[in-house]
Amino acid sequence: MKRRHSSWLNSAFVVLLALPPIDAFYLPGAAPHDYNAGEQVDLFVNALTPMLLGKDDSKLKSLINYDYYNPAFHFCQPEGGPKSQPESLGSILFGDRIFNSPYDIKVLQDNTTCRTLCTTNIPSEDAKFVNDRIREDYALNWLIDGLPAAEMKKDLKTGDIFFDMGFNLGNDDDETPYLNNHYEIVLRYHEPSPGVYRIVGVLVWPSSRGGPQQPDGITDCESNVAPLLLSETQSSSVRFTYRVTWNESDTPWATRWDNYLHIFDPRIHWFSLINSLVIVIFLCVMVAMVLLRTVSRDISRYNAIEFSEDVQEDWGWKLVHGEVFRTPQYPMLLAAMIGNGAQLCAMCAVTLVFALFGFLSPSNRGSLATIMMVCWSFFGGIGGYYSSRIYASLGGTDRRKTAFVTATVLPTLVFIIIFLLNAMLLIAGSSGAVPFSTMLLIVVLWFGISAPLSSIGYYVGSKQGAVSHPVRVNQIPRQIPPVPRYLKSWSSTLLAGILPFGAAFVELYFVMSSLFASRAYYAFGFLALTAFVVGLTTATVTILFTYFTLCAEEYRWQWRAFLIGGGSAFWVAAYGLFYWASRLSLDSFTSVALYLGYLFLLCLFDFLVTGTIGFLASYWAVRRLYSAIRVD
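According to mature numbering (1 follows the signal peptide of the UniProt record, and there is no 0), the residues represented by the sequence shown are -24 to -1, 1 to 608, in order.
Okay, here's the thing in C-alpha cells:
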C-alpha cells in the first residue's frame, strides 16, 4: 500500500514539473504601470465637486457637479480640444467626467521654475459664476496613473498624516473669493527595480497669485504676492502656472491607496459594531427566552388538553390558529414588494462579497455602482421566484398580473424619479446629468435582462406552488379585540425600527458622507458586519413583535411583519433630515430636490430589504409555531 502511494506521488510530481510556468496576475484595472525616466505622464481632469473642508462647523453647500471644461471656468485646454476618456457604467452614474489636459509632466523631470500653462480672459459674468463656486467650496479633481490628486492633511485626533482627495478651486477665508491659479504638483514614486518607476502618490498645493498676469511676464514660484481676485464688473486676465516635483517614497505600489483611505477615528467603527453586537445578543436572548419558555409551556399545555365537547380552553395565539394564514389585504402588492426586496437583498449580499474580496478597488472607478446594476439585472429571477411563492401562499389567484407588477412597478418608480432629477441637473448645467445613451442602456438592462428573468423566476416559483401551512383557515373570520397601543401598526413599526437603526447609526454617517459629500467609502468590512447585524436584529425583533401581536389575538400579521421589519427606514429618513440640518447648507432648489430625491430612494430600498427580512423571518416563525401544536 505504501509503495502504491509513493508511486502516485511520483507521478503527480512529474505532472507538475511538466506544467508550463504560471505568472502572477492582477485584478482587472489594478495592474501597475511601470514608467521609464523621461516618459510622459498623463494628467486627467474630472468634474468639479463640492467638498467638506474638514472643519467641525463645515457644511456642504451644494450637490451639483460641474464639468471641468465648463466654458464659465475658462481652464486651459489641450491642443485639439479636450477628449473624453472611456468610463464604466457606474463611473458615469456617479458623475465622473474624465478628460485629458495640457499639463506636460515627465518622469523624474522637476520644474525648478514655474511654468505657464496658459493665460485666459474671464468676463465679468463668468467671474461671478466662478466666485460663487469658490464660496460653495468646490474642489478640482485630477487623476494621475489612476490616483486622485490630493492635499496632505493631518488628523487632529490621531495625529496621522493622510491624503484628502481633491483640492480647492479657490479660497474664501475672509469672505473674499480668491481663485487658485498656481499648482505645486508633487509626485511620489517608488523604484521596485533599477530604472523602473511607479507612481504611489499625487499631491497638489494650490495657491492664488495675483499681480501681473501677462503671458510673457516673469514667473516666480517663491515670491509672496497678493491673491488673485476676479472682478465681477469687468474682464479679468488670469495666468495659470504650475511646478512639478518628484519625491522618492518607500511606499510600495500595492499599498499606495493606504494614504488616501484614511479612517477617521477607527474606534468609532469598533464602538458601533460592539454596540450593535450587544443589541443583537440581547434580542436573541430575549427571543430565545420567549420561544423556549413561554411558547414551549403553552404548546405542552395545549397538547395535554383532551379535546371533547366539554373541554375547549384555547386562548392567546392558539385561539387564532384558524385565522393566522387567512389571505391579507392587497396580497399582490405585498408579494411584489417581497419579491423586489429579495432581489435587493441578493444584490447587496453579492456586492458586499465582491467588496470583501477586493474586486471593488478604488482604482476601478465606478465599479461599485456597476456591480450593483449588473447584479440587480441578473437577480430578477430571484425576485420573481419569491413573489410567486409568497403570492400563492397568501392565497392569491391573479398570477399574471402579479408577475407583471413585480417586474415593472419598482423599476418604473425608480426610473421616473431618476429621470426627473436628471432633468433638473440638465437645467442647472451640471456634469452629473446622466447622458441619454446611458439612460437607454439602463432601460435595456431592465427590459432585456431583469424583466425576462423575473418572469422566468415567477414561472419556476408557480410550478413549485404555495408553501404548505400546518393549520386550516376557518370559513368565517373571527372578531379582533382591541390591541394595546404599542402593538398598533405605526407605533409598533416605529418602536421596532429603533433597534436595527441603532445598530447601523454610526456607519450610516459614513455612508451618507460618501453619497452626498463626495468622499470615498472603503470600510466594506465594517459595512458587511453592520449589514449582518442589522439583518439579524430586524429578524429577531420582527419575530418578537409578531408573537406579541398573535398573543393579543390580532391575526393580521403579514402586513404588520413587513412594516415592522421595514421600520428602520423611517428612522433613516429622520436621520437624513438631521444630516441635512447639521451637515448641509443647500441654497438652490436643485440641490434640495437632489438630496430629498436620493434620500427617498435610499429609504425606499432600505424599507424593501428590511421589510422582506422581517416578513420572511416571521413567516418561518409562525409556521414553526403552529406546526408544533395539536389542533382538532
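Don't be surprised by glycine CBs; every beta carbon is placed ideally from N, CA and C.
### Task
Quick one: grab the DSSP three-state call for Gln288.
Reliability of the predicted coordinates at Gln288 is poor, the pLDDT of 49 falling under 50, and no value is obtained from them.
### Message
Here's the rule: buried if 16 or more other CB atoms are within 10 angstroms of the residue's CB, otherwise exposed. What is Ile403?
### Response
Ile403 comes out exposed.
### Message
Are the CB atoms of Ser67 and Arg341 within a distance shorter than 7 Å?
### Response
One thing to note: Arg341 has its Cβ within 7 Å of the Cβ of Ser67.
### Query
Between which two residues does the beta strand (DSSP E) carrying Ile137 extend?
Ile137: member of the beta strand (DSSP E) spanning 137 to 141, first to last residue.
### Task
State the start and end residues of the unbroken beta strand (DSSP E) segment that holds Leu163.
158 to 169 is the span of the beta strand (DSSP E), which, as asked, contains Leu163.
### Query
Going by alpha carbons, who is nearest to Arg461 out of Tyr434, Ala528, Ala318?
Per the Cα distances, Ala528.
### Task
Under the assumption that Ala325 contacts Ser363 (Cβ atoms under 8 Å), give the Cβ distance between them as a whole number of angstroms.
At roughly 18 Å, the Cβ-Cβ gap does not stay under 8 Å, so Ala325 and Ser363 are not in contact.
### Message
Based on DSSP bridge pairs, tell me the residues matched to Gln16.
### Response
Under DSSP, the beta-bridge partners assigned to Gln16 are Lys82.
### Message
Please state the DSSP three-state secondary structure of residue 684.
### Response
Because residue 684 is not part of the residues shown, which for the chain are -24 to 608, the question remains open.
### Query
In the structure shown, what three-state DSSP assignment does residue 610 receive?
Here the chain covers residues -24 to 608 and nothing more, so residue 610 does not appear.
### Query
So, Val585 versus Leu320, is the Cβ gap smaller than 7 Å?
Yes. Within cutoff.
### Contact belief for Gly360 with Ile432 at Cβ below 8 Å, rounded distance in angstroms
Under the criterion of beta carbons closer than 8 Å, Gly360 and Ile432 qualify as touching, at roughly 7 Å.
### Rounded straight-line distance, which links the Cα of Leu503 to that of Val487
Taking the straight line from one Cα to the other gives about 9 Å.
### Query
DSSP on Cys527, reduced to helix/strand/coil?
Of the three classes helix, strand and coil, the one that applies to Cys527 here is helix, per DSSP.
### Task
Given a cut-off of 7 Å, decide if Pro338 and Arg174 are closer than it, judged by their beta-carbon atoms.
Not closer than 7 Å, so no.
### Query
Based on the DSSP output, what are the partners of Phe75 in its beta bridges?
Answer is Val21, Ser60.
### Query
Are Gly142 and Asn117 close, meaning C-beta to C-beta below 7 Å?
Yes, the pair counts as a contact, with Cβ atoms nearer than the cut-off.
### Task
Please report the residue range of the alpha helix (DSSP H) in which Val420 lies.
Note, Val420: alpha helix (DSSP H), 412 to 421.
### Neighbourhood of Ala13 by C-beta distance below 6 Å, restricted to the same chain and skipping five residues each side
Val83, Leu84, listed in sequence order.
### Message
Count Cβ pairs between the stretch 582 to 602 and the stretch 407 to 416 that sit closer than 8 Å; are there 3 or more?
### Response
Counting C-beta pairs closer than 8 Å gives fewer than three between the stretch 582 to 602 and the stretch 407 to 416, which falls short of the contact rule.
### Query
How many angstroms separate the CA atom of Leu39 from the CA atom of Ala318?
The alpha-carbon atoms of Leu39 and Ala318 are separated by roughly 31 Å.
### Task
Assign Leu475 to one of three DSSP states: helix, strand, or coil.
In the three-state scheme derived from DSSP, where H, G and I count as helix and E and B as strand, Leu475 is classed as helix.
### Query
Can you give, in chain order, each stretch of the beta strand (DSSP E) that sits fully within the stretch 311 to 339 and has at least 3 residues?
As far as the stretch 311 to 339 is concerned, it has no whole beta strand (DSSP E) run of at least 3 residues.
#### Entry: Cβ-Cβ separation, Ala115 to Glu208 (assumed contact under 8 Å), whole Å
Glu208 to Ala115, Cβ: 22 Å. No contact.
### Query
Hey, how far is the Cα of Phe70 from the Cα of Asn41?
The alpha-carbon atoms of Phe70 and Asn41 are separated by roughly 10 Å.
#### Entry: Contacts around Tyr165, its chain only, beta-carbon distance under 7 Å, and the 5 residues preceding and following it disregarded
Excluding sequence neighbours, Tyr165 sits near Tyr173, Arg174, Ile175, Val176, Trp222, Glu224, Ser225.
### Task
Give the C-beta separation of Leu205 and Gly187 to the nearest angstrom, bearing in mind that I take them to be a contact with Cβ-Cβ under 8 Å.
Contact flag wrong, Cβ pair sits at about 11 Å.
### Task
Count the other CB atoms, across all protein chains shown, that sit within 10 Å of the CB of Pro453; report buried if there are 16 or more and exposed otherwise.
By the 16-neighbour rule on beta-carbons within 10 angstroms, Pro453 is exposed.
### Query
What is the residue span of the beta strand (DSSP E) that Ile120 lies within?
For Ile120, the uninterrupted beta strand (DSSP E) run begins and ends at 118 to 120, by DSSP.
### Bridge-paired residues (DSSP) for Phe216
Under the DSSP definition of a beta bridge, Phe216 partners with Cys94.
### Task
Would you check if the distance between the CB atom of Pro153 and the CB atom of Arg111 is smaller than 7 Å?
Yes, these two residues count as a Cβ contact at 7 Å.
### Message
Is the beta carbon of Val449 closer than 7 Å to that of Phe591?
### Response
Taking 7 Å as the Cβ cut-off, Phe591 and Val449 do not qualify as a contacting pair.
### Query
Under the rule that 16 or more other beta-carbon atoms within 10 Å means buried, what is Phe51, buried or exposed?
Phe51 sits buried, since 16 or more C-beta atoms from the chains shown fall within 10 Å of its C-beta.
### Query
Within this structure, are the beta carbons of Phe105 and Ala48 separated by less than 7 Å?
Cβ distance < 7 Å, so Phe105 and Ala48 count as in contact.
### Message
Can you look up Pro460 in the DSSP assignment and give me helix, strand or coil?
### Response
Coil, per DSSP.
### Query
Taking buried to mean at least 16 other C-beta atoms within 10 Å of its own C-beta, is Arg600 buried or exposed?
The residue is exposed, with fewer than 16 neighbouring Cβ atoms inside 10 Å.
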